[in-house]
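Take the position in the sequence shown, starting the count at 1, then add 3; the result is the number in my numbering.
Comments concern the structure below.
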Amino acid sequence: MSSATKSNDAVTQTEAPMPAKIPWSPVVAVVFVVVIYFVSQLVGGLLLSIYPMVRHWSDGQANTWINNSVLAQFGYVVIAEGLMLLPLWWFLKRYKFGFGKLGLTRIKADDMLYALGGFMMYFFSYAILLSIATKAIPSLNVNQPQQIGFQTASGFGPLALTAISLVILPPIVEEILVRGFLYTSLKKSLPKIVAALITSIIFASAHLEFGSGAPLLWVAAIDTFTLSLVLCYLREKTGRLWASMGVHGLKNAIAFASLFIFHVR
């Protein structure tokens with residue numbers, strides 16, 4: 004082997020990304036994600052209820068404002084998403100662990116190509132899995148609507164707030180928390196496929212809409228389970244979160260356009 008070849012090998016070995024050493028256990032990561040997810044929803048709702056109390060509104064007025072005001076629902080999303088990121092920032096800072104090790108490194112040109120390919124992979128995988136599920140469970144309600152709020156959104160301003168709430172914020176925050184923090188933590192001591200399955204089950208469970216008063220939204224769980232498996236694959240394939248954010252954002256953008264622009268229900 005020539006000296007030049009040896010030198011190139013040395014450079015390659017030096018530049019190869021080292022796997023992140025996770026100083027906390029996978030169990031801690033699972034508990035942390037589940038707790039901050041549900042606590043952020045609870046605290047977000049409580050903080051949002053302060054405004055009607057200050058205005059001395061009746062319960063009926065408060066419920067009408069919370070359920071029908073685009074600004075109120077936007078505020079709730081911003082608060083809830085922020086309350087998921089802040090504890091994560093504190094947790095990582097406590098362990099002197101940077102966001103870059105979760106996949107927030109410099110974006111590359113091929114991330115967009117991976118995102119487009121990943122979306123096609125998700126689309127066809129979901130169609131196949133849903134077809135299997137409907138044949139195995141004839142009672143599965145594939146037309147059950149998901150409660151996403153913003154029913155009264157119309158006009159540029161309200162629609163812009165709705166787009167930020169549904170298309171931009173969730174893909175960023177959820178990818179950092181779930182595919183960045185949770186999946187990275189689980190694959191520390193588990194096979195990657197097992198880590199991806201556990202991550203996807205937790206992610207899907209969060210979309211069952213517990214406590215909504217409606218039947219559990221199994222079709223959304225199947226959807227998000229399939230999506231999460233693809234996003235974990237992209238996280239592993241690229242070593243970054245940008246492609247998974249792209250797929251997640253594209254999926255939400257299509258849903259937003261269908262519901263609020265073309266009014267497909």
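We treat Cβ as the ideally placed atom computed from N, Cα and C, and that holds for glycine.
Residues in its own chain within less than 6 Å of serine 261 by CB, not counting five upstream and five downstream? Taking the first residue of the sequence shown as 1, we reach residue 261 at position 258. The answer, listed in chain order, is Val267.
Rounding to the nearest angstrom, what Cα-Cα distance links leucine 169 and phenylalanine 259 in this structure? One-based indexing of the sequence shown puts residue 169 at position 166. One-based indexing of the sequence shown puts residue 259 at position 256. Taking the straight line from one Cα to the other gives about 7 Å.
Among Tyr54, Ile110, Lys104, nearest to glycine 249 - alpha-carbon criterion: Residue mapping note: residue 249 aligns to position 246 of the sequence shown, counting from 1. Of the candidates Tyr54, Ile110, Lys104, the one whose C-alpha sits nearest the C-alpha of glycine 249 is Ile110.
Kindly give me the distance between the Cβ atoms of alanine 118 and leucine 230, rounded to whole angstroms, as I take these residues to be in contact under 8 Å. For the purposes of this step, residue 118 is taken as the residue at position 115 of the sequence shown. For the purposes of this step, residue 230 is taken as the residue at position 227 of the sequence shown. Between leucine 230 and alanine 118 the Cβ distance is about 13 Å, and since that is not below 8 Å, they are no contact.
Backbone secondary structure at glycine 106 - three-state DSSP: Within the sequence shown, numbered from 1, the residue matching residue 106 stands at position 103. Three-state result, glycine 106: coil.
Taking only three categories from DSSP, how would you classify tryptophan 60? As a working mapping, residue 60 is identified with position 57 in the sequence shown. Residue state, collapsed to three classes: coil.
Integer-rounded CB distance, given that isoleucine 201 should sit under 8 Å from leucine 189: Working through the sequence shown from its first residue, we reach residue 189 at position 186. Working through the sequence shown from its first residue, we reach residue 201 at position 198. Confirmed, Cβ separation roughly 6 Å.
Just the Cα atoms here: how many angstroms apart are leucine 45 and asparagine 70? Translated into positions along the sequence shown, residue 45 becomes position 42. Translated into positions along the sequence shown, residue 70 becomes position 67. Spanning the two alpha carbons is a distance of roughly 16 Å.
For the alpha helix (DSSP H) that lysine 240 lies in, which residues bound it at each end? Counting from 1 along the sequence shown, the entry for residue 240 is found at position 237. Per DSSP, lysine 240 belongs to the alpha helix (DSSP H) from 221–241.
Aspartate 114 burial status per 10 Å Cβ neighbour count (16 or more: buried): Residue mapping note: residue 114 aligns to position 111 of the sequence shown, counting from 1. By the 10 Å Cβ count, aspartate 114 comes out buried.
Just the Cα atoms here: how many angstroms apart are methionine 4 and glutamate 239? Counting from one through the sequence shown, the residue named residue 4 turns up at place 1. Counting from one through the sequence shown, the residue named residue 239 turns up at place 236. Residue placement at methionine 4 is flagged as unreliable, the pLDDT there being 48, under the threshold of 50; the coordinate-derived value follows with that caveat. Taking the straight line joining both Cα atoms gives about 33 Å.
The alpha helix (DSSP H) with histidine 251 in it runs from where to where? Here residue 251 refers to the residue found at position 248 when the sequence shown is read from its first residue. Looking at the DSSP string, the run of the alpha helix (DSSP H) that includes histidine 251 is 245–259.
Determine the closest residue to glycine 152 out of Val145, Leu162, Asn144, with distance taken between C-alpha atoms. For the purposes of this step, residue 152 is taken as residue 149 along the sequence shown, with counting starting at 1. Answer by Cα proximity: Leu162.
Give me, in chain order, the residues of the same chain whose beta-carbon lies closer than 8 Å to that of leucine 88; leave out the 5 immediate sequence neighbours on both sides. To locate residue 88, count along the sequence shown from 1; it is residue 85. Counting only residues of its own chain and dropping the five nearest sequence neighbours on each side, leucine 88 has a CB closer than 8 Å to the CB of Val176, Ile179, Leu180.
Does the structure place the region 80–94 close enough to the region 217–235 that three or more beta carbon pairs sit under 8 Å? no
Going by the beta-carbon positions, is the gap between isoleucine 205 and valine 37 smaller than 8 Å? Working through the sequence shown from its first residue, we reach residue 205 at position 202. Working through the sequence shown from its first residue, we reach residue 37 at position 34. Cβ atoms of isoleucine 205 and valine 37: closer than 8 Å.
Out of Ser247, Trp221, Gly106, point me to the one whose CA is closest to serine 145's CA. Translated into the one-based positions of the sequence shown, residue 145 becomes position 142. Here residue 145 turns out to be valine, not serine, going by the sequence shown. Among Ser247, Trp221, Gly106, the Cα nearest to that of valine 145 is on Trp221.
Contact set for tyrosine 129: own chain, Cβ-Cβ below 8 Å, skip 5 residues either direction: Taking the first residue of the sequence shown as 1, we reach residue 129 at position 126. Answer for tyrosine 129: Ile225, Asp226, Thr229, Leu230, listed in chain order.
For the alpha helix (DSSP H) that contains glutamate 212, what are its first and last residues? The residue given as residue 212 occupies position 209 in the sequence shown. Glutamate 212 -> no alpha helix (DSSP H), and no H or E assigned at all.
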